[in-house]
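A.B. asks: Here the sequence shown stands for residues 0 to 276, where the numbers follow numbering that gives the first Met the number 0. Have a look at this one before I ask anything.
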Amino acid sequence: MDATQLRRAIARTRLAPVAAFPKRLARVARHDARVLRISARWLVTSREHHNYTYELTKLSRHHLAWFVSVVCDRPVQQVRGWLDEIESDQALRRHIEQATAAAARRGLADKQVRYARRIGWYAIVRATRPTHVVETGVDKGLGTCVLAAALLRNAQEGHPGRVTSLDINPEAGYLARVAPWSDVVDLVIGDSIASIGALDRQVDLFLHDSDHSRAHEKREFDAIESKLAPGAILLTDNVTSTNVLAEHAERTGRRFLAYRESPADHWYPGDGIGVAW
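This is the structure:
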């Protein structure tokens, strides 16, 4: 009996779990060692304590391009061009680096500019050319700058738009307070539900990225519904944690898709983009 026949014979006995244990242990150990190595490096090289930034893996970036292509009904080659466009925007990259270095909260921010799934937001704005974007949850303003950069590009092509950015923290959005990005940003400080209720013009694209509790996310989507323009797109940054937007899409007769990002060389498992349209 050769080694292959012996393994197959053992697999049909009660000894199978015992025999398989060393191989299973080795696989788990390799996985855990990699996670611990990445985590240890992050602890000594990063300053971030929440809202982590990272690059996407090459495969995850490919999947994101196809995700946007399907949602926006645009050729995937065009979507890839938009992803390249935001990542190669050196003016925006220099601004973020300089504003981060000068900020009072620089001790909790990394110097490197890493957009992750936000390049998907950029491509969606480039593809749909909204006149009014609303985002809830601003934090430093990295996502706001990405949205503003897309709107500025659209304006150069004859399709102007603005983003209304809502946050309850008066210190939020410091990255988005410098021209030309600030020229298309209306930063509103206050409760997101009340601020949505006060909106005085229709919304073409809405992004939930504030309080990620299920209850608050649902309240935001319920509140924005009456403010939406025909054909508006709804996005959530909370799709890996709740099914709120999918349920909202089903109730309102929309389609829904979800994308989950894969961070490159980071311990955090990543977030994603949920979209209803």
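Heads up, the beta-carbon is just placed ideally off N, CA and C, and yes, glycines get one too. Just so we're clear, the structure is a prediction, and the values are computed from it rather than from any experiment.
Could you round the C-beta distance between residue 120 and residue 206 to whole angstroms and report it? I think they count as a contact, below 8 Å.
C.D. replies: As a working note, residue 120 is residue 121 in the sequence shown. As a working note, residue 206 is residue 207 in the sequence shown. About 7 Å separates the two Cβ atoms, so the contact holds.
A.B. asks: Can you grab the Cα-Cα spacing for the pair residue 159 / residue 23, in whole Å?
C.D. replies: Counting from one through the sequence shown, the residue named residue 159 turns up at place 160. Counting from one through the sequence shown, the residue named residue 23 turns up at place 24. If you take the alpha carbons of residue 159 and residue 23, they lie about 56 Å apart.
A.B. asks: Bridge partners for residue 273 per DSSP, in chain order?
C.D. replies: The count along the sequence shown starts at 1 and reaches residue 273 at position 274. Answer by DSSP bridge pairing, in chain order: 235, 257.
A.B. asks: Could you have a look at residue 135 and say whether DSSP puts it in helix, strand or coil?
C.D. replies: The sequence position of residue 135 within the sequence shown is 136, counting from 1. Residue 135 falls in the strand class under three-state DSSP.
A.B. asks: If contact is defined by three or more beta carbon pairs under 8 Å, each pair taking one atom from either stretch, is the segment 260-273 in contact with the segment 224-240?
C.D. replies: Contact check between the segment 224-240 and the segment 260-273: three or more CB pairs, one atom from each, fall below 8 Å, which counts as touching.
A.B. asks: Which value, in whole angstroms, describes the spacing of the CA atoms of residue 62 and residue 146?
C.D. replies: Residue mapping note: residue 62 aligns to position 63 of the sequence shown, counting from 1. Residue mapping note: residue 146 aligns to position 147 of the sequence shown, counting from 1. If I take the Cα positions, the gap works out to 20 Å.
A.B. asks: Give a yes or no on whether the C-beta atoms belonging to residue 115 and residue 53 are separated by under 8 Å.
C.D. replies: Start at 1 with the first residue of the sequence shown, and residue 115 comes out as number 116. Start at 1 with the first residue of the sequence shown, and residue 53 comes out as number 54. Going by C-beta atoms, residue 115 is nearer than 8 Å to residue 53.
A.B. asks: Could you tell me how far apart the beta carbons of residue 66 and residue 267 are, in whole angstroms, since I believe they sit closer than 8 Å?
C.D. replies: Locating residue 66 in the sequence shown gives position 67, counting from the first residue. Locating residue 267 in the sequence shown gives position 268, counting from the first residue. Not a contact, Cβ separation roughly 20 Å.
A.B. asks: To the nearest angstrom, how far is the alpha carbon of residue 151 from that of residue 176?
C.D. replies: For the purposes of this step, residue 151 is taken as the residue at position 152 of the sequence shown. For the purposes of this step, residue 176 is taken as the residue at position 177 of the sequence shown. Answer to the nearest angstrom: the Cα atoms are 15 Å apart.
A.B. asks: Report the residue ranges of all alpha helix (DSSP H) runs contained in full by the segment 40-92; include only those spanning at least 4 residues, in chain order.
C.D. replies: 57-71, 75-86
A.B. asks: Using 10 angstroms around the beta-carbon of residue 220, count the other beta-carbons present and answer buried if the total reaches 16, otherwise exposed.
C.D. replies: Taking the first residue of the sequence shown as position 1, residue 220 is located at position 221. A residue is called buried once 16 or more other Cβ atoms fall within 10 Å of its Cβ, and residue 220 is buried on that count.
A.B. asks: Please list the terminal residues of the continuous beta strand (DSSP E) segment that includes residue 207.
C.D. replies: In the sequence shown, counting from the first residue as 1, residue 207 sits at position 208. Note, residue 207: beta strand (DSSP E), 202-207.
A.B. asks: Using the beta-carbon count (16 or more within 10 Å), is residue 57 buried or exposed?
C.D. replies: In the sequence shown, the residue the question calls residue 57 occupies position 58. Residue 57 comes out exposed.
A.B. asks: Looking at the unbroken alpha helix (DSSP H) that takes in residue 113, where does it start and where does it end?
C.D. replies: Here residue 113 refers to the residue found at position 114 of the sequence shown. Careful: residue 113 lies outside any alpha helix (DSSP H) and carries neither H nor E.
A.B. asks: Does the pairing of the segment 135-142 with the segment 83-90 give three or more beta-carbon distances under 8 Å?
C.D. replies: no
A.B. asks: Which same chain residues, not among the five before or five after residue 98, have their C-beta less than 6 Å away from its C-beta?
C.D. replies: To locate residue 98, count along the sequence shown from 1; it is residue 99. Spatial neighbours of residue 98 in its own chain (CB-CB distance under 6 Å, excluding positions within 5 residues in sequence) are listed in chain order as 174.
A.B. asks: By the three-class DSSP mapping on this structure, what secondary structure does residue 164 have?
C.D. replies: Residue 164 sits at position 165 when you count from the first residue of the sequence shown. Looking at residue 164 - three-state DSSP - the assignment turns out to be strand.
A.B. asks: Count the C-beta pairs between the segment 239-248 and the segment 35-42 that are closer than 8 Å, then say yes if the count reaches three, no if not.
C.D. replies: no
A.B. asks: Taking the alpha-carbon positions, what's the residue 3 to residue 14 distance?
C.D. replies: Residue numbering aside, residue 3 sits at position 4 when the sequence shown is read from its first letter. Residue numbering aside, residue 14 sits at position 15 when the sequence shown is read from its first letter. Cα to Cα, residue 3 sits roughly 16 Å from residue 14.
A.B. asks: Can you tell me whether residue 94 is buried or exposed, with buried defined as 16 or more other CB within 10 angstroms of its CB?
C.D. replies: Numbered from its first residue, the sequence shown carries residue 94 at position 95. Per the 10 Å Cβ criterion, buried.
A.B. asks: According to DSSP, is residue 277 helix, strand or coil?
C.D. replies: This structure cannot speak to residue 277, because the chain is shown only from 0 to 276.
A.B. asks: If you compare alpha carbons, which of 27, 35, 149 is closest to residue 181?
C.D. replies: To locate residue 181, count along the sequence shown from 1; it is residue 182. Looking at the Cα atoms, 149 is the closest of the given residues.
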